[in-house]
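Using our numbering, you'd call the opening residue of the sequence shown number 2 and step up by one each time.
Read through the structure below, which is laid out as structure tokens, and then see the notes.
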Amino acid sequence: MNLPTQLNLEHLKDKDISHQNNIFPERVLQIGEGNFMRGFIDWMVFEMNNKTNFQGSVVTIQPTPRGKIIPKLNRQDGLYTLVRRGIEYGKPVEKIEIISSITRGINPYSDWGEALTVATSEYIEFLFSNTTEAGLVYENEAYQESVSPLSFPGKVVALLFHRYQYYNGAKDKGWIIIPCELVENNGDVLKSICQQIIKDWKLPILFSKWIDESCTFCNTLVDRIVPGYPDKEADNWFERLGYSDELLTMAEPYHLFVIEGPKQLSGKLPFVEAGLNVKFEPIEFYRNLKVRLLNGPHSIMSVIGLQLEVETVKEALEHPLLGNFIQNVMRKEIALTLPKSEDKKINEYISEVIDRFSNPYLHHLLKDISLNSYSKFYVRLWPIVRESDKGYRKKLLFSLAALITFFYNREGIKDNEEVVSMFAELYSSNFTNQSVLQKFIEEKILLSWGMDTSEISDVAQELVQSISIILNEGMEKALALQLK
Numbered sequence: 002m003n004l005p006t007q008l009n010l011e012h013l014k015d016k017d018i019s020h021q022n023n024i025f026p027e028r029v030l031q032i033g034e035g036n037f038m039r040g041f042i043d044w045m046v047f048e049m050n051n052k053t054n055f056q057g058s059v060v061t062i063q064p065t066p067r068g069k070i071i072p073k074l075n076r077q078d079g080l081y082t083l084v085r086r087g088i089e090y091g092k093p094v095e096k097i098e099i100i101s102s103i104t105r106g107i108n109p110y111s112d113w114g115e116a117l118t119v120a121t122s123e124y125i126e127f128l129f130s131n132t133t134e135a136g137l138v139y140e141n142e143a144y145q146e147s148v149s150p151l152s153f154p155g156k157v158v159a160l161l162f163h164r165y166q167y168y169n170g171a172k173d174k175g176w177i178i179i180p181c182e183l184v185e186n187n188g189d190v191l192k193s194i195c196q197q198i199i200k201d202w203k204l205p206i207l208f209s210k211w212i213d214e215s216c217t218f219c220n221t222l223v224d225r226i227v228p229g230y231p232d233k234e235a236d237n238w239f240e241r242l243g244y245s246d247e248l249l250t251m252a253e254p255y256h257l258f259v260i261e262g263p264k265q266l267s268g269k270l271p272f273v274e275a276g277l278n279v280k281f282e283p284i285e286f287y288r289n290l291k292v293r294l295l296n297g298p299h300s301i302m303s304v305i306g307l308q309l310e311v312e313t314v315k316e317a318l319e320h321p322l323l324g325n326f327i328q329n330v331m332r333k334e335i336a337l338t339l340p341k342s343e344d345k346k347i348n349e350y351i352s353e354v355i356d357r358f359s360n361p362y363l364h365h366l367l368k369d370i371s372l373n374s375y376s377k378f379y380v381r382l383w384p385i386v387r388e389s390d391k392g393y394r395k396k397l398l399f400s401l402a403a404l405i406t407f408f409y410n411r412e413g414i415k416d417n418e419e420v421v422s423m424f425a426e427l428y429s430s431n432f433t434n435q436s437v438l439q440k441f442i443e444e445k446i447l448l449s450w451g452m453d454t455s456e457i458s459d460v461a462q463e464l465v466q467s468i469s470i471i472l473n474e475g476m477e478k479a480l481a482l483q484l485k
């Protein structure tokens, strides 16, 4: 087919569409230009521009030499289309917008001077980032003023040092730095790495002090699924939109952004005023919500669902037994470990998660979620088992039994080599002997996971019973018994 005109500012002019808020001053520097940032932060800036007096745009920097987004972004004058599709309040929704919050993209490996110039701008006040967990790490690298550092923290230090020198250490010229990497206490981690780099590069002590006193590093929690570019459906979308878009971005409707920062930050960044689901609050409660009621059920449905030959999250929720089991364990076991004073928020979040699991536009494979299931269960679900009242953890313990049988006679499981070897050793032994199985569970799992010794025997026996039913009668029968 003949593709329509490419999306750019001239196209908007031709179409008489006034989505041109990228004429606002560049107030946000962004490191990371991928799907998530376009479907999350850049969309939020766009919303603030449309609904508040924020009036700021974004200049984005490519985080690694391998990046391919910046040329596409500049060809399209910073424009891209965001399609939010999914389920809200039990009903399908679809929202399509041309996002115009980005003015330009910079490749620091070829245009480091341009990046340094941005660092001196009097308007830049915020630095957002998402360089993935792999980007938020310390790397020992040399400092050359005229060359971009390779690491993300190295870039932050180099840009801030240039700004510090340009403004002679003025106390009011520091940045508010808001990393979005999925690392616990990400702001604290980034600041610590930056201070180590300052020592490595032997930069002035007064600069280190300026970082401490004039810059604010915020811890954050982000939550939105952004699948990105729809390869298989792109041409159909272009025909429907009436233009081609190299950066067409798909996202779910749901979003949550929790920021720990100074009180005045909510005034500087009017996310809430723009109607966005942003919380300027301590993160711990929201992290527990996400880990326990989104990530935890994901882990449960993957190890059970794959044994039922269920392929996706949506199919898992629609399964007559598994869907019922998942909702039951969320509402009647996991939720009970969260503060009762927050029941309203908890119930709202559960409803939102069920909508997200039901999204017909996300083909979320259980086999992908099952990666490193053993360690994920320990991090996401084991603390809940430990905190649960003995009478309210039956389904959680069944889920642990399902995790153990998940490793039985299955090829291609992606997990830690030691974990795979541990289960291979079990299933090559006389594991049908219940005393052998119980000893394995007690010594290899429950003791190593720190369970109170007074409980180990009873819990191991319960697990052995569930495992025997799963292996002898099948997961479907075992699951049905759990729902009686």
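From the three backbone atoms N, C-alpha and C, an ideal C-beta is built for every residue, glycine too.
To the nearest angstrom, how far is it from the Cα of residue i to the Cα of residue j?
| i | j | result |
| --- | --- | --- |
| Ser19 | Ile198 | Low per-residue confidence applies at Ser19: pLDDT is 49, beneath 50, and the placement is therefore not dependable enough to give any value. |
| Lys391 | Thr454 | 15 Å |
| Glu474 | Gly229 | 41 Å |
| Arg357 | Glu253 | 8 Å |
| Ile42 | Tyr144 | 30 Å |
| Asp416 | Thr133 | 20 Å |
| Trp44 | Ile305 | 36 Å |
| Tyr244 | Phe218 | 40 Å |
| Ile177 | Trp450 | 39 Å |
| Val190 | Lys156 | 15 Å |
| Ile284 | Phe326 | 29 Å |
| Ser193 | Ile470 | 50 Å |
| Asp213 | Ile97 | 41 Å |
| Gln77 | Leu10 | 7 Å |
Please list, in chain order, all residues of the same chain as residue i whose beta carbon is under 7 Å from its beta carbon, the five residues on each side excluded.
| i | result |
| --- | --- |
| Arg332 | Ile351 |
| Pro66 | Tyr110 |
| Ala235 | Leu249 |
| Ile335 | Arg293, Leu294, Gly297 and Ile385 |
| Leu282 | The displayed chain sequence assigns Glu, not Leu, to residue 282. Around Glu282: Val259. |
| Leu309 | His320, Leu323, Met476 and Glu477 |
| Gln56 | Phe25 and Asn50 |
| Tyr124 | Pro26, Glu27 and Arg28 |
| Trp113 | Ser147, Val148 and Ser149 |
| Leu366 | Glu312 and Thr313 |
Going along the chain, which residues of its own chain have a beta-carbon closer than 8 Å to the beta-carbon of residue i, five neighbours each way excluded?
| i | result |
| --- | --- |
| Glu353 | Tyr255 |
| Ser389 | Glu334, Leu337, Thr338 and Leu397 |
| Asp173 | Ser215 |
By the DSSP assignment, the beta strand (DSSP E) with residue i in it spans what residues?
| i | result |
| --- | --- |
| Ile32 | Glu27 to Ile32 |
| Leu372 | Counting along the chain, Leu372 falls outside any beta strand (DSSP E), and DSSP gives it neither H nor E. |
| Val92 | For clarity, residue 92 is Lys in the given sequence; the question names Val instead. Lys92 -> beta strand (DSSP E) spans Lys92 to Ile100. |
Closest to residue i by C-alpha separation, out of the options, would be which residue?
| i | options | result |
| --- | --- | --- |
| Val380 | Val60, Arg28, Gln145 and Arg293 | Arg293 |
| Asn187 | Ala159, Gly262 and Ser422 | Gly262 |
| Glu146 | Asn131, Trp202, Ser429 and Gly91 | Trp202 |
| Ala275 | Lys396, Phe47, Tyr375 and Val227 | Phe47 |
| Pro64 | Pro150, Pro26 and Arg357 | Pro150 |
| Ser122 | Thr433, Gly175 and Glu443 | Gly175 |
| Arg105 | Ala116, Glu426 and Lys233 | Ala116 |
| Glu316 | Phe129, Pro361, Tyr168 and Leu448 | Pro361 |
| Val223 | Ser436, Phe239, Pro231 and Pro180 | Pro180 |
| Gln7 | Phe37, Leu447, Leu74 and Leu266 | Leu74 |
From which residue to which residue does the alpha helix (DSSP H) around residue i run?
| i | result |
| --- | --- |
| Leu8 | Looking at the DSSP string, Leu8 is not in any alpha helix (DSSP H), and its letter there is neither H nor E. |
| Thr118 | Trp113 to Ala120 |
| Thr491 | Since the displayed the chain opens at 2 and closes at 485, residue 491 lies outside it and no answer follows. |
| Val354 | Asp344 to Phe358 |
| Tyr428 | Glu418 to Tyr428 |
Using C-beta distances below 6 Å, list every residue in its chain close to residue i, excluding the 5 sequence neighbours before and after it, in chain order.
| i | result |
| --- | --- |
| Phe378 | Ser300 and Leu404 |
| Tyr409 | Tyr428 |
| His163 | Leu117 and Ala120 |
| Tyr375 | Asp416 and Val420 |
| Thr82 | Ile99, Asp246 and Leu249 |
Next on the checklist: Suppose only complete runs of 3+ residues qualify. What are the beta strand (DSSP E) ranges in the segment 159-228, listed by chain order?
Outcome noted: For the segment 159-228, whole beta strand (DSSP E) runs of length 3 or above, ordered along the chain, are 177-180 and 220-224.
Checklist entry - Where in the segment 291-332 do unbroken runs of the alpha helix (DSSP H), each at least 4 residues long, occur, reported from the N-terminal end onward? => result Counting whole runs of 4 or more residues, the segment 291-332 contains the alpha helix (DSSP H) stretches 297-306, 314-319 and 323-330.
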